[in-house]
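> In the numbering used here, the protein residues as written are 117 to 168.
Here a beta-carbon is modelled for each residue, glycine too, at the ideal position from N, C-alpha and C.
One structure is given below, represented as structure tokens, and several questions about it will come after.
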Ligand code: SF4
């Protein structure tokens with residue numbers, strides 16, 4: 117699949133990562149949080165992630 121130039125990503129362990137470059141190959145992703153009151157970047161998650 118082609119890299120989506122609108123979605124940068126460095127998570128190479130995800131099956132949707134473009135591998136040859138740091139982009140996602142999905143048309144869109146869903147971002148969420150595992151916190152009740154997120155206050156920093158570590159509180160957010162790509163909920164479209166699936167392990168390779
Ligand atoms: S689905 Fe999320 S974690 Fe996976 S490559 Fe795309 S942006 Fe990265």
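Measuring only the C-alpha atoms, how far is residue 156 from residue 163?
In the chain shown, the residue the question calls residue 156 occupies position 40. In the chain shown, the residue the question calls residue 163 occupies position 47. Going by the C-alpha atoms only, they are around 17 Å apart.
> Mind checking which residues open and close the beta strand (DSSP E) that includes residue 123?
Your numbering for residue 123 matches position 7 in the chain shown. 120-124 is the extent of the beta strand (DSSP E) around residue 123.
> Within this structure, are the beta carbons of residue 118 and residue 126 separated by less than 7 Å?
Counting from one through the chain shown, the residue named residue 118 turns up at place 2. Counting from one through the chain shown, the residue named residue 126 turns up at place 10. Result no, Cβ atoms of residue 118 and residue 126 do not sit closer than 7 Å.
> Whole angstroms is fine: what's the gap from residue 129's alpha carbon to residue 167's?
Translated into the one-based positions of the chain shown, residue 129 becomes position 13. Translated into the one-based positions of the chain shown, residue 167 becomes position 51. Cα to Cα, the separation comes out at about 6 Å.
> Using the three-state DSSP reduction, which class does residue 157 fall into: helix, strand or coil?
By one-based count along the chain shown, residue 157 stands at place 41. DSSP places residue 157 in helix when its eight states are reduced to three.
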